[in-house]
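Below: one structure, written as structure tokens.
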Amino acid sequence: MKAYLMYKRDDFIVDESFPAHFTLLAKDLELDVLFQALSGGDDFLYSVVRKACSQPLTEVQDIKYRQAILRDCLYNPEIFREFYKIVVDCLLMEKEKLHYGIFGRYPSAILHQSISFTRFLLDNLRKVRGIAEKNLLHVASSGMERLFVMIMQELNDEYLEVIEEHLRQMTFKKGVLLSARLGAGNRGEGYVLRQPAAESRNWFRRLFSPKPEHYTVQIAPRDENGFRALSNLQDEGLVLVASAMAQSTAHLLNFFRALRAELGFYIACLNLAEMLNHRNVPQCFPVPIYKRERYLVFDSLFDTCLVLTSPDTIISNSLKTDNKNTFIITGANQGGKSTFLRSIGLAQLMMQTGMFVSAECFSTDICPQIFTHYKCEEDSHMVSGKLDEELRRMRDIVSDLKPDDLVLFNESFSATNSREGAGIIRGIVTALAERHVKLFFVTHTSEFACAFYQEYHQDTVYLCAERRADGERTFRMTEGAPLDTSYGEDLYREVFTPPAQPAERC
Numbered sequence: 001m002k003a004y005l006m007y008k009r010d011d012f013i014v015d016e017s018f019p020a021h022f023t024l025l026a027k028d029l030e031l032d033v034l035f036q037a038l039s040g041g042d043d044f045l046y047s048v049v050r051k052a053c054s055q056p057l058t059e060v061q062d063i064k065y066r067q068a069i070l071r072d073c074l075y076n077p078e079i080f081r082e083f084y085k086i087v088v089d090c091l092l093m094e095k096e097k098l099h100y101g102i103f104g105r106y107p108s109a110i111l112h113q114s115i116s117f118t119r120f121l122l123d124n125l126r127k128v129r130g131i132a133e134k135n136l137l138h139v140a141s142s143g144m145e146r147l148f149v150m151i152m153q154e155l156n157d158e159y160l161e162v163i164e165e166h167l168r169q170m171t172f173k174k175g176v177l178l179s180a181r182l183g184a185g186n187r188g189e190g191y192v193l194r195q196p197a198a199e200s201r202n203w204f205r206r207l208f209s210p211k212p213e214h215y216t217v218q219i220a221p222r223d224e225n226g227f228r229a230l231s232n233l234q235d236e237g238l239v240l241v242a243s244a245m246a247q248s249t250a251h252l253l254n255f256f257r258a259l260r261a262e263l264g265f266y267i268a269c270l271n272l273a274e275m276l277n278h279r280n281v282p283q284c285f286p287v288p289i290y291k292r293e294r295y296l297v298f299d300s301l302f303d304t305c306l307v308l309t310s311p312d313t314i315i316s317n318s319l320k321t322d323n324k325n326t327f328i329i330t331g332a333n334q335g336g337k338s339t340f341l342r343s344i345g346l347a348q349l350m351m352q353t354g355m356f357v358s359a360e361c362f363s364t365d366i367c368p369q370i371f372t373h374y375k376c377e378e379d380s381h382m383v384s385g386k387l388d389e390e391l392r393r394m395r396d397i398v399s400d401l402k403p404d405d406l407v408l409f410n411e412s413f414s415a416t417n418s419r420e421g422a423g424i425i426r427g428i429v430t431a432l433a434e435r436h437v438k439l440f441f442v443t444h445t446s447e448f449a450c451a452f453y454q455e456y457h458q459d460t461v462y463l464c465a466e467r468r469a470d471g472e473r474t475f476r477m478t479e480g481a482p483l484d485t486s487y488g489e490d491l492y493r494e495v496f497t498p499p500a501q502p503a504e505r506c
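Following full-length UniProt numbering, the numbering of the sequence shown begins with 1 at its first residue and continues without gaps.
Below is the structure:
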């Protein structure tokens, strides 16, 4: 049985393998804030959403597949939280009921614990089937409908009764019937567990029919060696059935584990939706566009991580572009450029993970990979200057870049003088645009931005951080020609100008 809630035909594997660039992406976009909100403090859910975000979907139909399942969960949160709780509670009991320990080499011990835990699993399988039967008509997604139908078909009464009957037989209340043959030195070998012949229901026939010839060996009550030998004989006959029973139990457990991981992703999304609803932040299911079709439209887009961490009112942004590949962002210091850049990266990643986005509407083309290149800060681990470190990171990104990928630059190559920085930025932006790599570039290097603007690149959009005449920042991005100033004097006056003294009264 397969859950197939994350992919139509593939399993979702939660492990610790991540793309080489994902650590920097998570740091620059502050994904830990998003993961904490999604997981709600649950370490397992944290690992699930982290893995999901490290594997962005690259096909429109795959994104819509997850969106449809998530829509079912958002419409019926209580149902799926109950579903998830049953799965989690079942797996929590695994350690209590299924601990072979030092007895793991004894087939009889393995068989006993497998039977005990399988009985417990059957109760939970019935609960899961009950949820599927009760709510099949309440789901609209093909993924959730397929799961519910599969559960109802695979876990029908006939199947569960067959399992119950096998479990009853394997308790061996009347002893264990084994066959064997004599080997070297008259030692028994080839022990095979046999099923006893069915007893006749006619008591008269059972009473007077001739009994088969048999021999009985009785072991003295205190003969420990005899009991040990008898136990070893029993274990030899139970090896195959114990192995089969353990595999059957593992099969059911693997189904519950897959359900926990794949359903857990949607439970995490419910956690995030509740937090955003509490902050009155709009949410929408983004509309993915096929690769090679450059398109970006959004209305009231918020930085999800800032919304989750700041008690202040957060400003949103809106934009509509078509056939644009390069976005140059300039403007006032502390005007919201980095926040805007992060909101773009988060929305792109959340869309390609199958989540909703913090916006009234959002639609853009799919980017197979998302990279970030933020300005390098001094630290004790650096082995060279900041510019060298930034160039090295750029080299690493370029080695993995493919057409249609997305790169987010934030004040990159600002560790050198304006002329040299402008030359580096110009070369990189031009080369990436020629390779059809989508990019957003936040820069204070006005020499580059103004010169690039004068050349008129048809596929480039220029955005500025809005500043009012009195120096107030609105934290909104507006389309317009880049400015040759970042208004650093505003910050200087704010920091170094002493507050006005109140006039003395006569």
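For every residue, glycine included, the Cβ atom is placed at its ideal position computed from N, Cα and C.
Quantities reported herein were computed from a predicted structural model and do not represent experimental measurements.
Exposed or buried, what is G480 when buried is set at 16 or more other beta-carbons lying within 10 Å of its beta-carbon?
-> exposed
Classify E422 as helix, strand or coil using the three-state DSSP reduction.
-> Checking the sequence shown, residue 422 turns out to be Ala, not Glu. DSSP places A422 in helix when its eight states are reduced to three.
If you check the beta carbons only, do G345 and A465 fall under 8 Å apart?
-> no
Quick one: what's got a C-beta closer than 7 Å to S300's C-beta in the same chain, skipping five residues either side?
-> P282, S316, S318, A359, E360
Exposed or buried, what is R181 when buried is set at 16 or more other beta-carbons lying within 10 Å of its beta-carbon?
-> exposed
Where L296 and F256 are concerned, what is the direct C-alpha to C-alpha distance, given to the nearest angstrom?
-> 40 Å
Could you check the C-alpha separation between V461 and K438 for me, to the nearest Å?
-> 12 Å
Got a sec? Which residues, its chain only, sit under 7 Å from V14 by beta carbon, not counting five neighbours each side?
-> S47, V48, K51, A261
Decide if A451 is buried, meaning its Cβ has at least 16 other Cβ atoms within 10 Å, or exposed.
-> exposed
Whole-angstrom distance between A415 and C376, CA atom to CA atom | 8 Å
Endpoints, beta strand (DSSP E) assigned at residue 508 = Limits of the chain in this structure are 1 at one end and 506 at the other, which puts residue 508 out of reach.
Tell me E479's beta-bridge partners as DSSP assigns them.
-> L463
Under 8 Å between the Cβ atoms of P403 and A449?
-> no
Give the range of the beta strand (DSSP E) segment to which C376 is assigned.
-> From DSSP, C376 is part of no beta strand (DSSP E); its letter is neither H nor E.
Residue nearest to M477 in terms of C-alpha spacing, selected from F302, I424, E389, L349 | F302
By DSSP, does residue 523 sit in helix, in strand, or in coil?
-> Limits of the chain in this structure are 1 at one end and 506 at the other, which puts residue 523 out of reach.
What is the C-beta distance between V442 and S338, in whole angstroms, given that I count them as a contact (C-beta under 8 Å)?
-> 6 Å
Confirm, please, whether the CB-CB distance from L136 to residue 552 is below 8 Å.
-> Residue coverage of the chain in this structure runs from 1 to 506, which leaves residue 552 outside it and unanswerable.
Rounded to whole angstroms, what's the CA-CA distance from S116 to S248? Just pull it up for me.
-> 13 Å
Closest by C-alpha distance to K64, when choosing among R294, G354, A258 = G354
At what residue ranges does the stretch 257–305 contain a whole run of the alpha helix (DSSP H), taking only runs of 4 or more?
-> none
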